[in-house]
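**Student:** For the sequence shown, the positions run -22 to -1, 1 to 1192 when mature numbering (1 follows the signal peptide of the UniProt record, and there is no 0) is used.
For glycine and all other residues, C-beta sits at the position ideal for the given N, C-alpha and C.
Below is the structure I would like to discuss, written out as structure tokens.
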Amino acid sequence: MKNKDTFLLIFCLLSFRSSIYGQTLYGTFDFIVVGAGSAGSIIATRLSENSSVKVLVIEAGSMADQMNQDIPLGAVQQQRNPAFDWMYTSVAQPNSCLGMIDQSCAYPRGKGLGGSSQINAMMYVRGNKADYDQWAAEGCTGWDYESLLPYFKRNEGYQPNGQSGVIDASVHGTSGPMNTEFARFRTDYSRDFVEGAKTLGMKEVDYNSLNQIGVSYLQANTEFGRREDTGDEYLLKLAWTRPNFQISLNSHVTKIIFNGKTVTGVLFRKENTTFEALITKELILSAGVINTPQILMLSGIGPAATLEANGIPVLQNLPVGQFMDDHPAFFGPTYTTNSSTRSINFYQAFTNSFGWFFTGSSQLSIPYAIEGLFFNRTFNSTLPIGVPDYELMFTSASMATDKGNYQYKNMRITDLLFNEVYGPLLKMNNDTISAFVMVLHPKSIGNMTISDTNPFSKPLIYPNQFMDPADLDTMLQGLRSAQRILTSEPFKKYNPTPFYLNIPGCSEFPFDSDDHWKCCFKYIASSMYHMVGTCRMGPATDATAVVGPDLRVHGISKLIVCDSSAMRDVNSGHTAAPVMAMAEKLSDMIKAQYAFLGFFFLKSLLMDYAAREWNRLEQNKQNTVNTASYNHYNNHGTWSLLNSYDFIIVGAGSSGCVLASRLSENPDYKVLLIEAGKRQQSLNDIPIFAAYLQSTSYNWNYVTEPQEGACLGMEDQRCAFPRGKGVGGSSLINYMIYNRGNKYDFDQWASMGNEGWSYNEILPYFKKSENNNLKGLENSTYHGKGGPMNTEYPQHRTKYAKAFMEAQKHIGIKRVDYNGESQLGTSYVQANTLHGRRQSAASAFIDPILWNRPNLHILTEARVTKVLIDPDTKEAYGVEYVRFKKRNNVFAAKEVILSAGAFSSPQILMLSGIGQEHELKRIGVPLLQDLPVGKVMYDHLCHFGPTFTVNTSGISVSSDRVLFPHNLKEYFTTGGSPLSIIGGVETLTFIKTPNSRYPATVPDLELLFIPGAYSSDQGTGIKRGMRVTDEIYNSVYKELDKPSQDVFSIMVMQFHPQSAGYLELKDRNPFHWPRFYPNYFKNPNDVEDLLHGIKEAIRIVNTPPFDKFNATIHSTPLPGCKMYDFGTDDYWRCSIRTLSASLHHQVGTTKMGPETDKTAVVSPELKVHGISKLRVVDTGVVPLPPTSHTAAIAMMIGEKAADMIKNDWENEKV
């Protein structure tokens, strides 16, 4: 909060307070959040982002004292203030708190909007990576560090403010609601503390990075030197703008209401009246580490013995309150110096507040007077390497710096002890320097319980500090480190003198002896108020757990706990940061469960659209519609269709769009582009939805004939043959993978008599199309710059893909540019996207030029039924097409060019009398030219698997997660987020097989890494698009369809199958599908190649980078393969024949070759043999299956064909 806004904010807050109190409470809400603290404020804010969701927050406290609580140095004044602190104290302790009133330590807990974040010390300390990884290892799936890091970053808004300090930008968020910064004012002593630790061999670190051990200036939740609390930054800045969001203050929840073991609501007291509030979805307890377990036990959820002793009926026997972990801390050692003007002076700081108010910089901006932190291990540590045992918190102050007004009273130190021990400091004018010593992983464990059945009675807190003497030893080693730093070389100029702690009861021990300090610890060490675990998280098999990894209370429906009580163990930091991250993560988990999101209409729209289109296509499945009843949607243009054009291009696919764009560059050429489909829509642009698009009318929806040895797991044993239908063709629905192929492919084409098609001759055409935005390859001579089609790496990369890339290094697979010099190796996928959005051939080549090319006309929803050819001259002169039930002719003065694709181009040729004589005779079409149209058809078959489960959650791509609001925001603002992953494919790996028939530089297989599985879209897009049977999906993959289960898969694709298929026409009706006979696995060597790829995929995953994920192969067998032991070669062979599907790379149906090649349909100039003024320009001309996907090749063919056509007609006059 900036100073210029202060007075305005005070006015707004007062107005807001009145508006809340004036509201009438609703009876029923979707969600009720109990507690407006660090977690509750965030959860309520995130859930209410959807205006259709009603959220009620119930808070026992009131509004913050904004002016006083904003001052970081004044934090000490806010604790033990009954208006904002619950004023909890422990039960008298036998081994600690001995110098406190009644041997009872203080346990401050925040009360009011913001909870403890309005009274804490504002220290932003997340903890160690190993803390969270240990949670995951103990069964709390999804709570490892990598899974939590995005939520830490989402919550944080780090802002540099000119102060020096080490920051690892990769782990910090910069746009979250909670600002973090270094304190804007530093004493000289704080700099000496950092330098002193460095002289002792410690590094200056960012303790919130992966390297925690070392020294650092404090990172604080402050902005412009003022406190940031969650009530302010989440609730108050949003509450009055959301009518679906309500807060009830000064409202004390007394009990949960149940119907059986299902929560229906809560009872709460407000202004001496009991209210009832009901839920439809979930009750979320975020009342804190003390109040949440108290509410549970009062409601019948807790240890049976405790409940029965208090006369409370037992609803669920759980160890509520039985585990309480905390950080004990000791305020010392303290030194006096020879200066009197450098340390913190409370009264001078508050007197001279002018500078803080207008600049945010003065001693008032130092949180709780803490300036630096130091983390280290003990010499006998048993913790993992890199995990600290203790923390030092440096302050240029002492227990007496506030003149005995706040600190010692907050800690409940007796007046007698304070006066006797610290009284001498009150009489000194010398500066003081001190360090808090905190034990990070105490072995002593406490507990808490209810005192009676009165919800207003304070619970009984048993911290049990120092019951295990090992904690005293750890604290002692920390104290000795503090002494070394405070007397190190940078401090010697101040002549630091140890202040003698003359604690009654410890005088028998010599000062500074180990026994002396251990005695002092027992007297005046206290809690740092980091209690956790009273509703401990863990799997149902964990006897200490109250809630599961989903934070739902075991055995109870519609009840969630999210606050520090759910933390499994106390961490290597403070609790504010992890609690905020937990709340952010829970919000996403709930949204995934209930599928309501800020922009969730996108998914609904997409799913409804896909379902509607699927049903329509299913009705026409047999494709028996005749011409008279065939209907299209209209597409009105601003031009009139001419009778004749120079060039007619049939098919606006990847080749056709390129060709139309290039030919129309000559304004003298009149070009007509005819397309059977329609224009693309915005839904086509989002890469992750590629699979859904194959269930829409943008797909011709072809299927193969039933296969004997393949497609066994597909409906009717027919594999899907998706082909794009619309302006853009298959580039509208493909997976956007930009992969050109191997140099050997094109050189082999040339060696077959196709002059002009060698690699060196076609490379310029690949480059001509490309606009290279591949980071790291900007200067590559293999890539083009400035072309219409963008290539880039998708901005979002999952941790699994990164692990997959790292894993391949372990087995010697190097990273390459697979479109460059060498193809063998691995790479993140290169995509035809622009800023994370699909770039189709239409959006790249047609849209930018359409409205300034009056010589280019595009006719959509027009089905070409045949080429018009003079039977005497065998010269093409036009085409016949059907549009809106009407048959029409349009004529070409120069050429007719078929770019209708590897299926439709041969179909049109045969319907026009070009094909094998006996085939045309069978369907009743007069023969014009006997050519082997459709008699060869190659394809790339791909096996979907293996699939692996992992011990994390929230990383895999699924249809629900990708539409989380933060993903949508990121995608629509930066082009990032999982929405930018092209059809789910993240990496490509190119490998050889042991029995390869190709040169050493030519790969035989491609591995496609996917952070998901068949289940990732709940059995909708992928399953439908690939025609997987219900039996296979339900028995094998449906079990993976749950929010908490992350998965990844590795697809294996064969480049050079030895099996070849063919296509033929069913009859002469142009609206009937061709018949496709791919003959997959007719040669069994193709099965063996894929088997090798599966083994290689498994070998990659069985490397150290995947150990942290506990990647486990999903071993539920396919129904038709249960006769084989899972994982054996025979099992995988069966799986290959069952679940392999086409990757839609069919080629060769109008094969290119010289006239001497009796298997060829077109010449190297792409002219149909024996027919003049007719060419085929699409992937049907590709003579052999390429070592690539086909989209890039299709565009290259369009570019080269355009130049050949221009050269042929360059001397012609229109």
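Does the region 903 to 917 come close enough to the region 843 to 852 to have 3 or more Cβ pairs within less than 8 Å?
**Tutor:** Contact holds: three or more Cβ-Cβ distances are below 8 Å.
**Student:** Give me the Cβ distance between lysine 233 and valine 244, rounded to the nearest whole Å; I'm assuming they're in contact under 8 Å.
**Tutor:** Residue 233 sits at position 255 when you count from the first residue of the sequence shown. Residue 244 sits at position 266 when you count from the first residue of the sequence shown. Going by Cβ atoms, the distance from lysine 233 to valine 244 rounds to 7 Å, so yes, they are a contact pair.
**Student:** How many whole angstroms separate the CB atoms of alanine 38 and arginine 58, which I take to be in contact at a CB cut-off of 8 Å?
**Tutor:** By 1-based counting over the sequence shown, the position of residue 38 is 60. By 1-based counting over the sequence shown, the position of residue 58 is 80. Rounded, the Cβ-Cβ distance is 17 Å, inconsistent with contact.
**Student:** On the DSSP letters alone, give me the boundaries of the beta strand (DSSP E) that serine 19 sits inside.
**Tutor:** One-based indexing of the sequence shown puts residue 19 at position 41. Run containing serine 19: none in the beta strand (DSSP E); it sits in the alpha helix (DSSP H), 16 to 25.
**Student:** Spatial neighbours of aspartate 492 within its chain, please: CB distance less than 7 Å, with the 5 preceding and 5 following residues excluded, ordered by chain position.
**Tutor:** As a position in the sequence shown, residue 492 is number 514, starting the count at 1. Around aspartate 492: Leu454.
**Student:** Using a Cβ-Cβ cut-off of 7 Å (strictly less than) and excluding sequence neighbours within five positions of valine 1030, which residues of its own chain qualify?
**Tutor:** For the purposes of this step, residue 1030 is taken as residue 1052 along the sequence shown, with counting starting at 1. Excluding residues within five positions, the ones whose Cβ falls inside 7 Å are Cys920, His921, Leu983, Leu985, Leu1068, Gly1071, Ile1072, Ala1075.
**Student:** Quick check on the DSSP output: the alpha helix (DSSP H) that includes asparagine 133 runs from which residue to which?
**Tutor:** What you label residue 133 is simply residue 155 of the sequence shown in a count that begins at 1. Taken as a continuous stretch (DSSP letters only), the alpha helix (DSSP H) holding asparagine 133 covers 123 to 133.
**Student:** Assuming valine 1025 contacts serine 934 under a Cβ cut-off of 8 Å, what Cβ separation, rounded to an integer in Å, is found between them?
**Tutor:** Residue 1025 sits at position 1047 when you count from the first residue of the sequence shown. Residue 934 sits at position 956 when you count from the first residue of the sequence shown. Yes, they are in contact, since the Cβ atoms of valine 1025 and serine 934 sit about 6 Å apart, within 8 Å.
**Student:** Is it the case that the Cβ atoms of threonine 465 and threonine 356 are separated by a distance below 8 Å?
**Tutor:** By 1-based counting over the sequence shown, the position of residue 465 is 487. By 1-based counting over the sequence shown, the position of residue 356 is 378. Contact: no.
**Student:** Whole beta strand (DSSP E) runs in the region 396 to 470 with 3 or more residues, listed along the chain?
**Tutor:** Taking only runs of at least 3 residues, the beta strand (DSSP E) segments lying wholly in the region 396 to 470 are 410 to 417, 425 to 427, 438 to 440.
**Student:** If you check the beta carbons only, do residue 1219 and alanine 785 fall under 8 Å apart?
**Tutor:** Residue 1219 is absent from the model: the chain starts at -22 and stops at 1192.
**Student:** On the three-state DSSP scale, how would you describe methionine 1182?
**Tutor:** Position 1204 of the sequence shown, counted from the start, is the residue given in the question as residue 1182. The answer is helix: DSSP assigns methionine 1182 an H, G or I state.
**Student:** By the three-class DSSP mapping on this structure, what secondary structure does phenylalanine 1026 have?
**Tutor:** Position 1048 of the sequence shown holds residue 1026. Reduced to three states, the DSSP call for phenylalanine 1026 is strand.
**Student:** Measuring alpha carbon to alpha carbon, tell me which of Phe130, Leu91, Arg1111 ends up nearest lysine 107.
**Tutor:** For this step, residue 107 is matched to residue 129 along the sequence shown. Considering only alpha carbons, the answer is Phe130.
**Student:** Residue range of the alpha helix (DSSP H) that threonine 270 falls in?
**Tutor:** Counting from 1 along the sequence shown, the entry for residue 270 is found at position 292. Unbroken alpha helix (DSSP H) run through threonine 270: 266 to 276.
**Student:** Beta-carbon within less than 7 Å of glutamate 895's beta-carbon, same chain only, minus the 5 sequence neighbours each way: which residues are those?
**Tutor:** Against the sequence shown, residue 895 aligns to sequence position 917. Excluding positions up to five away in sequence, the list reads Leu905, Asp908.
**Student:** Straight-line CA distance for glycine 990 to serine 187?
**Tutor:** Taking the first residue of the sequence shown as position 1, residue 990 is located at position 1012. Taking the first residue of the sequence shown as position 1, residue 187 is located at position 209. Roughly 29 Å between the two C-alpha positions.
**Student:** DSSP has arginine 530 in a bridge; who is on the other side?
**Tutor:** Within the sequence shown, the letter at position 552 stands for residue 530. Ile538.
**Student:** Write down the C-beta distance between valine 860 and threonine 843 rounded to the nearest angstrom, noting that I regard them as a contact closer than 8 Å.
**Tutor:** Within the sequence shown, numbered from 1, the residue matching residue 860 stands at position 882. Within the sequence shown, numbered from 1, the residue matching residue 843 stands at position 865. Valine 860 to threonine 843, Cβ: 6 Å. Contact.
**Student:** Residues in the same chain with beta-carbon distance under 8 Å from serine 321, minus the five sequence neighbours each way, listed in chain order, please.
**Tutor:** Indexing the sequence shown from 1 puts residue 321 at position 343. Closer than 8 Å at Cβ, skipping near neighbours: Thr165, Tyr167, Thr315, Ser374, Ala375, Thr379, Asp409, Thr410, Ile411.
**Student:** Going by DSSP, what residues sit across from histidine 921 in a beta bridge?
**Tutor:** One-based indexing of the sequence shown puts residue 921 at position 943. Histidine 921 pairs with Val1030, Ser1118.
**Student:** Considering only residues of the same chain and omitting the five flanking positions on each side of serine 931, which have a CB-CB separation below 6 Å?
**Tutor:** Reading the sequence shown from its first residue, position 953 is the one you call residue 931. Only Thr119, Gly120, Ser1022, Asp1024 meet the Cβ criterion.
**Student:** Decide if the region 240 to 257 is in contact with the region 287 to 297; the criterion is three or more beta carbon pairs, one per stretch, under 8 Å apart.
**Tutor:** With a cut-off of 8 Å, the region 287 to 297 and the region 240 to 257 do not count as touching, because too few Cβ pairs lie within range.
**Student:** Please list the terminal residues of the continuous beta strand (DSSP E) segment that includes tyrosine 796.
**Tutor:** Numbered from its first residue, the sequence shown carries residue 796 at position 818. Element bounds for tyrosine 796: n/a, residue is neither H nor E.
**Student:** Tell me, which residues are paired with aspartate 848 by DSSP?
**Tutor:** Counted from its first residue, the sequence shown places residue 848 at position 870. The partner list for aspartate 848 (beta bridge, DSSP) reads Glu853.
**Student:** Give a yes or no on whether the C-beta atoms belonging to methionine 783 and threonine 1081 are separated by under 8 Å.
**Tutor:** The residue given as residue 783 occupies position 805 in the sequence shown. The residue given as residue 1081 occupies position 1103 in the sequence shown. Taking 8 Å as the Cβ cut-off, methionine 783 and threonine 1081 do not qualify as a contacting pair.
**Student:** Which full runs of the alpha helix (DSSP H) of 4+ residues lie inside the region 1107 to 1174, going along the chain?
**Tutor:** For the region 1107 to 1174, whole alpha helix (DSSP H) runs of length 4 or above, ordered along the chain, are 1107 to 1117.
**Student:** Can you find at least 3 beta carbon pairs, one from the region 201 to 218 and one from the region 148 to 159, that sit closer than 8 Å?
**Tutor:** Contact holds: three or more Cβ-Cβ distances are below 8 Å.
**Student:** Do you know offhand how far threonine 480's Cα is from glutamate 398's?
**Tutor:** Taking the first residue of the sequence shown as 1, we reach residue 480 at position 502. Taking the first residue of the sequence shown as 1, we reach residue 398 at position 420. In the sequence as displayed, the identity of residue 480 is asparagine instead of threonine. Looking at the two C-alpha atoms, the distance is approximately 7 Å.
**Student:** Starting from arginine 975, follow the beta strand (DSSP E) in both directions and report where the run begins and ends.
**Tutor:** As a position in the sequence shown, residue 975 is number 997, starting the count at 1. No beta strand (DSSP E) contains arginine 975, which DSSP labels as neither H nor E.
**Student:** Please report the residue range of the beta strand (DSSP E) in which glutamate 748 lies.
**Tutor:** Taking the first residue of the sequence shown as position 1, residue 748 is located at position 770. Run containing glutamate 748: 748 to 750, per the beta strand (DSSP E) assignment.
**Student:** Relative to the C-alpha of serine 142, which residue among Leu126, Phe163, Tyr123, Leu370 is closest?
**Tutor:** Taking the sequence shown and counting its residues from 1, one reaches residue 142 at position 164. The residue with the shortest Cα to Cα distance from serine 142 is Phe163.
**Student:** If you run the structure through DSSP and keep just helix, strand and coil, what is valine 628?
**Tutor:** Looking up residue 628 in the sequence shown gives position 650. Valine 628: strand per DSSP, three-state reduction.
**Student:** Under the three-state reduction of DSSP, which class applies to asparagine 1088: helix, strand or coil?
**Tutor:** Residue numbering aside, residue 1088 sits at position 1110 when the sequence shown is read from its first letter. DSSP places asparagine 1088 in coil when its eight states are reduced to three.
**Student:** Cα-Cα, which of Cys513, Arg169, Met509 is closest to isoleucine 273?
**Tutor:** Here the question's residue 273 lines up with position 295 in the sequence shown. For isoleucine 273, the nearest C-alpha among the options comes from Cys513.
**Student:** Nearest-angstrom Cα distance between arginine 220 and phenylalanine 950?
**Tutor:** Stepping through the sequence shown from its first residue, residue 220 is reached at position 242. Stepping through the sequence shown from its first residue, residue 950 is reached at position 972. Taking the straight line joining both Cα atoms gives about 23 Å.
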